[in-house]
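These notes concern the structure reproduced below.
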Amino acid sequence: MWEKFKTIGPGMLVAGAFVGTGTITTSIVAGTENGYTFLWASVTAAIVISIILQEMTARLSMSTGKPLAVLVKERLGIWASIIVILAIVGGNSVYSVGNLSGVNIALGGLFEGIPASVWIIGVTFIYWSLLMIGKYNILEKIITILVALMGILFLINMFYVQPDYVEVVKGLIIPTLEIDKITLVIALIGTTVVPYNFYLHSTAVLERGWHKNAKTNLGMMRFDTIVPIFIGGIITMSIGVVAGTVLYPLHLSNGLVIEGSNEMAMTIEPLLGKNAYALFSLGLFAAAISSMPMAALSAAYVFTQSFGLNPDMKGNAFRLVFSFVAWVPVFFAVGIENPIWTIILAQSINGMLLPITAILVLYLINKKDTSGSLRNNLVSNILGYVAVGFTIILGLINIISTFQ
22 MWEKFKTIGP
32 GMLVAGAFVG
42 TGTITTSIVA
52 GTENGYTFLW
62 ASVTAAIVIS
72 IILQEMTARL
82 SMSTGKPLAV
92 LVKERLGIWA
102 SIIVILAIVG
112 GNSVYSVGNL
122 SGVNIALGGL
132 FEGIPASVWI
142 IGVTFIYWSL
152 LMIGKYNILE
162 KIITILVALM
172 GILFLINMFY
182 VQPDYVEVVK
192 GLIIPTLEID
202 KITLVIALIG
212 TTVVPYNFYL
222 HSTAVLERGW
232 HKNAKTNLGM
242 MRFDTIVPIF
252 IGGIITMSIG
262 VVAGTVLYPL
272 HLSNGLVIEG
282 SNEMAMTIEP
292 LLGKNAYALF
302 SLGLFAAAIS
312 SMPMAALSAA
322 YVFTQSFGLN
332 PDMKGNAFRL
342 VFSFVAWVPV
352 FFAVGIENPI
362 WTIILAQSIN
372 GMLLPITAIL
382 VLYLINKKDT
392 SGSLRNNLVS
402 NILGYVAVGF
412 TIILGLINII
422 STFQ
């Protein structure tokens, strides 16, 4: 068992990508305004859907020895690739607007009086420069440690605040849905089941070489997929439970609304006291900046792989795309007046775009000439169709409710 843990890699990349600003903010807002009511969406549904679809994506790449973006181009044609590129580049740009809003919330509160544009442009320039020179790994290790520590902090805090565990379990297993909360519910799922993670995961699995002996490595891939995503789900749950325990009563009694890091930091105040605000802001900043490079890089991988271009980080096309996804969001983020709602909306848009890639994965994994003996069985198909159908239905409800 310990040997399996030592080989975990691609799955940790997936979990690390979704435990970011979006997850922290949406989970805290959901817990503050609704208690434990939407834990079924943020934890149960999101984690199950993520595991089902990420496993299919990894299995698809293992069976073919090719990344997902290449398979879409080869099997479905250039127009399918163009749709994917537009969805990923557009979705990742929106996602980055949300992350930049997180930077604004975190640093703007710590250093009052300094314009948001300074932080947004400064942070973007730093991570973009490190990507350009290929040295982002230096910063990534520090950020990963900070995000992990914040996750552990919330996990400890969940037990410290002593929630009503019976109500927590009810929130996890009993789905409830109100039409006026549909955007929040989609955001809770979209922040975990991130569309660009499918493309990152497929590339990471190939880099591990698991496709060279696919059937033998199938068990390792599944372990690698399930365990990190499950751990990410536990962290997400702890954030929602703490918010539901600490802030929901204040919402009911005093009308507390999450407007920035001041309110969000109250979730860890029982454990850290007066140090809560500074430490929360630091953690939120780390979570924000950890996700932005992944969004930029994944868009560049999808673009270059789809058109048969050089997927190297120093390639001109690769740099052009990740620079686009890095800098275009800056122009939108600097003028945002409600960063909390922007973060939630960004996650919701990604949730709306999720079915595009999910449908393609489900189609390709069922083609015998593509997946061979690793194609879906009956159980996998039932789980896959339910997962995809669920996201489509939520998206349709959201669209219909918008025009009513």
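Basically the numbering used here = 1-based index in the sequence shown + 21.
Positions of the beta carbon are idealized from the N, C-alpha and C atoms, including for glycine.
Is the CB-CB distance between residue i and residue j below 9 Å?
i: LEU395; j: LEU81; result: yes
i: ILE207; j: SER369; result: yes
i: ALA67; j: ILE210; result: yes
i: ALA38; j: LEU221; result: yes
i: GLY410; j: MET373; result: no
i: GLY43; j: GLY119; result: yes
i: GLY192; j: TYR57; result: yes
i: TRP140; j: GLY129; result: yes
i: ALA347; j: TRP149; result: yes
i: ALA101; j: LEU375; result: no
i: ALA127; j: LEU318; result: no
i: LEU268; j: ILE279; result: yes
i: ILE365; j: THR85; result: no
i: ASN371; j: GLY112; result: yes
i: SER122; j: ILE361; result: yes
i: ALA297; j: MET83; result: no
i: ARG96; j: LEU385; result: yes
i: PRO314; j: GLY32; result: no
i: LEU305; j: ILE45; result: yes
Output the distance between the C-alpha atoms of residue i and residue j, rounded to the nearest integer angstrom.
i: THR224; j: PHE251; result: 21 Å
i: VAL50; j: TYR217; result: 24 Å
i: LYS94; j: SER327; result: 6 Å
i: THR246; j: GLY254; result: 12 Å
i: VAL144; j: MET285; result: 22 Å
i: GLY230; j: SER71; result: 22 Å
i: LEU174; j: ASN387; result: 42 Å
i: VAL124; j: LEU383; result: 36 Å
i: PHE59; j: LEU107; result: 31 Å
i: VAL214; j: SER63; result: 10 Å
i: ASN116; j: ALA354; result: The residue asked about is misnamed: residue 116 is Tyr in this sequence, not Asn. Using only the alpha carbons, I get a separation of about 11 Å.
i: ASN55; j: LEU34; result: 30 Å
i: ILE403; j: VAL190; result: 25 Å
i: GLU76; j: LEU170; result: 27 Å
i: ASN412; j: TYR406; result: Note that residue 412 is Thr in the sequence shown here, rather than Asn. Computed Cα separation, rounded: 10 Å.
i: HIS272; j: ILE194; result: 24 Å
i: THR237; j: ILE29; result: 16 Å
i: PRO88; j: PHE219; result: 10 Å
i: MET241; j: ALA90; result: 23 Å
i: VAL226; j: HIS232; result: 8 Å
i: ASN178; j: LEU152; result: 35 Å
i: GLU133; j: PRO291; result: 25 Å
i: ILE357; j: THR363; result: 8 Å
i: ILE99; j: ASP390; result: 19 Å
i: LEU14; j: ILE147; result: Residue 14 lies beyond the stretch modelled for the chain, which goes from 22 to 425, so this question has no answer here.
i: ILE142; j: ALA316; result: 17 Å
i: PHE244; j: SER274; result: 45 Å
i: THR65; j: THR212; result: 13 Å
i: ALA36; j: PRO270; result: 30 Å
Which residues in the same chain have their Cβ closer than 6 Å to the Cβ of residue i, if we skip the five residues on either side of it in sequence?
i: VAL168; result: ALA307, ALA308 and SER311
i: PRO184; result: VAL262 and THR266
i: ALA264; result: ILE49, GLY52, THR53 and THR288
i: GLU188; result: TYR57
i: ALA379; result: LEU74 and VAL409
i: ILE109; result: TYR217, ALA320 and VAL323
Beta-carbon of residue i versus every beta-carbon of chain D: anything under 9 Å?
i: ALA347; result: Absent from the structure is chain D; it holds one protein chain and no more.
Under 7 Å Cβ to Cβ from residue i, same chain only, skipping five residues before and after it: list those, please.
i: ILE104; result: ILE377
i: LEU330; result: GLY336 and ALA338
i: PRO196; result: TRP61
i: ILE433; result: As shown, the chain starts at 22 and ends at 425. That puts residue 433 outside it, with no answer to give.
i: SER114; result: VAL346, VAL349 and PRO350
i: ALA137; result: ASN125, GLY129 and VAL355
i: ASP333; result: PHE339
i: SER422; result: ILE200 and ILE203
i: SER344; result: TRP149
Going by the C-beta, is residue i closer than 8 Å to any heavy atom of the ligand NAP?
i: MET313; result: Absence of the ligand NAP from the depicted structure is noted, as is the absence of any ligand whatsoever, leaving it without description.
Going by beta carbon distance, what residues of the same chain come within less than 8 Å of residue i, once the five residues before and after it are set aside?
i: LYS202; result: ASN55 and PHE59
i: ASN283; result: GLY130 and TYR298
i: ILE260; result: THR44, ILE45, SER48, ILE49, GLY52, PHE175 and THR288
* Entirely enclosed alpha helix (DSSP H) segments - the segment 236–295, minimum 4 residues -> 269–275, 282–285 and 290–293
* To do: Could you tell me which uninterrupted beta strand (DSSP E) segments, each at least 3 residues in length, are contained entirely in the segment 153–222, listed from first to last along the chain?
  => none
* Uninterrupted alpha helix (DSSP H) stretches inside the segment 293–368 (no shorter than 4 residues) -> For the segment 293–368, whole alpha helix (DSSP H) runs of length 4 or above, ordered along the chain, are 297–327 and 337–354.
* In the segment 50–137, which residue ranges form an unbroken alpha helix (DSSP H) of at least 4 residues, counting only runs that do not cross its ends? -> 67–85, 89–97 and 99–131
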